[in-house]
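Below is one structure; the comments refer to it alone.
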Amino acid sequence: MSPFDLNSQPDYARWCEWKLTNAPRSAEELIVEVRDPCALSKAEHEALMQRIRRCNMAIYASLAHEADNTIPRLMGKQFGLEHLDANWLADEDGISEIQVNGGGTRQPYIPYTDRPIKWHTDGYYNPPERTVRAMVLHCVRSAAKGGENRLMDHELAYILLRNEAPQYIHALMQPDAMTIPERVDETDGIRPAQSGPVLSVDAVTGNLHMRYTARTRSIEWKQDAETRAAVAALEKLLGSESSYITRARLEPGMGLLCNNVLHDRAAFKDDPDSPRLLYRARYYDRIKD
68 MSPFDLNSQP DYARWCEWKL TNAPRSAEEL IVEVRDPCAL SKAEHEALMQ RIRRCNMAIY
128 ASLAHEADNT IPRLMGKQFG LEHLDANWLA DEDGISEIQV NGGGTRQPYI PYTDRPIKWH
188 TDGYYNPPER TVRAMVLHCV RSAAKGGENR LMDHELAYIL LRNEAPQYIH ALMQPDAMTI
248 PERVDETDGI RPAQSGPVLS VDAVTGNLHM RYTARTRSIE WKQDAETRAA VAALEKLLGS
308 ESSYITRARL EPGMGLLCNN VLHDRAAFKD DPDSPRLLYR ARYYDRIKD
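Just so you know, our numbering puts 253 at position 186 of the sequence shown, and the rest follows in order with no gaps.
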């Protein structure tokens, strides 16, 4: 049975023990040095996969400092990631350039500013047929100051919430737990309201997926007592100093490869002569072993 079945306590207990025993306690445990992220050796690939099996994420470190947006796509391809979420703010090839935009279409959106981004998983506003299951975030230039990420395996968040109160999981799995209201944009057009669960189990693979944002604007939570309590518990967890939350700063040539784990971003200050630039590739696929 699935460890995500609330009625399957023995399976859950075994999986829970394995996850907690193997959970990383520092960013250093996630890092794998690679010669060329576009053409990994067998040993490099396996080292990254070992970390992804443990906690759904890994960080590679390389000397690939050039501004080449094929790097995240070729990295992803080596892990079975093929189907990009070509959202309207991405470039034509589906890769987004994450940098400060002083004007234009991207300027109003927080990822394209130097402001902090709250905890979230990517694509939380997408409809089910465009579920973002994996992501590659590659750093070309880091900020002069700040810009760190906090990372948390969503499976560990599930465990900590379930161990505190199983009803939290029940609440967050409701099909109308979280709603992104309709948005009308001059460029993007009308994006209809999108309701869905925070936690769900993929019907094909049996893997856990999380859809979440800590933002307080343009977000509607189901207003029953169980959901409100679950959301408050999750917010408390993500605001804590839990040892299961990892802090990392991507430097040039480094990248995050993950199954869309929980993450945030600190505010940063740019060097005007060398502004922060990251490439982001978001996929409908999940990383394949």
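Every residue, glycine too, gets a C-beta built ideally from N, C-alpha and C.
Buried or exposed for residue i, going by 16 or more other Cβ atoms inside 10 Å?
{"i": "H132", "result": "exposed"}
{"i": "S285", "result": "exposed"}
{"i": "T188", "result": "buried"}
{"i": "V99", "result": "buried"}
{"i": "I226", "result": "buried"}
{"i": "D291", "result": "exposed"}
{"i": "D72", "result": "exposed"}
{"i": "L228", "result": "buried"}
{"i": "N326", "result": "buried"}
{"i": "M68", "result": "exposed"}
{"i": "Y235", "result": "buried"}
{"i": "R314", "result": "exposed"}
{"i": "Y176", "result": "exposed"}
{"i": "P194", "result": "exposed"}
{"i": "T283", "result": "exposed"}
{"i": "P259", "result": "exposed"}
{"i": "T294", "result": "buried"}
What did DSSP end up calling residue i once you bin it into helix, strand or coil?
{"i": "N136", "result": "coil"}
{"i": "D243", "result": "coil"}
{"i": "A224", "result": "helix"}
{"i": "K185", "result": "strand"}
{"i": "T272", "result": "coil"}
{"i": "T198", "result": "coil"}
{"i": "R101", "result": "It should be pointed out that residue 101 corresponds to Val in this sequence rather than to Arg. In the structure shown, V101 sits in coil (DSSP, three-state: anything other than H, G, I, E or B)."}
{"i": "E287", "result": "strand"}
{"i": "G190", "result": "coil"}
{"i": "L323", "result": "strand"}
{"i": "Y127", "result": "strand"}
{"i": "I177", "result": "helix"}
{"i": "N74", "result": "coil"}
{"i": "L107", "result": "coil"}
{"i": "G214", "result": "coil"}
{"i": "A157", "result": "Note on A157: pLDDT 47, under 50, position unreliable in the model; the coordinate value appears next. Residue state, collapsed to three classes: coil."}
{"i": "G306", "result": "coil"}
{"i": "R353", "result": "coil"}
To the nearest angstrom, how far is it from the Cα of residue i to the Cα of residue j?
{"i": "V265", "j": "T198", "result": "12 Å"}
{"i": "V298", "j": "R102", "result": "42 Å"}
{"i": "R278", "j": "L218", "result": "15 Å"}
{"i": "W85", "j": "S267", "result": "21 Å"}
{"i": "G322", "j": "S129", "result": "9 Å"}
{"i": "A211", "j": "N230", "result": "40 Å"}
{"i": "V167", "j": "A80", "result": "45 Å"}
{"i": "E149", "j": "C83", "result": "31 Å"}
{"i": "A157", "j": "E164", "result": "Reliability fails at A157, whose pLDDT of 47 lies under 50, so the model's placement of it is uncertain and the value that follows must be treated cautiously. C-alpha separation (whole angstroms): 7 Å."}
{"i": "N123", "j": "D220", "result": "6 Å"}
{"i": "D352", "j": "F146", "result": "10 Å"}
{"i": "P70", "j": "A134", "result": "42 Å"}
{"i": "E222", "j": "L275", "result": "7 Å"}
{"i": "T137", "j": "P91", "result": "29 Å"}
{"i": "W288", "j": "D337", "result": "35 Å"}
{"i": "L107", "j": "R120", "result": "18 Å"}
{"i": "R250", "j": "L115", "result": "38 Å"}
{"i": "T272", "j": "E196", "result": "15 Å"}
For the ligand SAH, I want to know if residue i counts as a neighbour, meaning its beta carbon is within less than 6 Å of at least one of the ligand's heavy atoms.
{"i": "R284", "result": "Absent from the structure shown: the ligand SAH. Ligands present: none."}
From the beta carbon of residue i, is the nearest beta carbon of chain C less than 7 Å away?
{"i": "P242", "result": "This model lacks chain C altogether; it includes just one protein chain."}
Just checking my contact of residue i with residue j at CB under 8 Å: how many whole Å lie between their CB atoms?
{"i": "A348", "j": "M202", "result": "7 Å"}
{"i": "P183", "j": "R316", "result": "That belief does not hold up - the Cβ atoms of P183 and R316 are roughly 14 Å apart, past 8 Å."}
{"i": "Q261", "j": "T246", "result": "7 Å"}
{"i": "P319", "j": "V207", "result": "6 Å"}
{"i": "Y350", "j": "R200", "result": "6 Å"}
{"i": "A153", "j": "G143", "result": "That pair is no contact at about 14 Å."}
{"i": "A334", "j": "G213", "result": "5 Å"}
{"i": "L324", "j": "Y127", "result": "7 Å"}
{"i": "L151", "j": "C105", "result": "Between C105 and L151 the Cβ distance is about 16 Å, and since that is not below 8 Å, they are no contact."}
message: Assess contact between the stretch 235–250 and the stretch 337–345, defined as three or more Cβ pairs (one per stretch) separated by less than 8 Å. Is contact present?
response: Touching, no.
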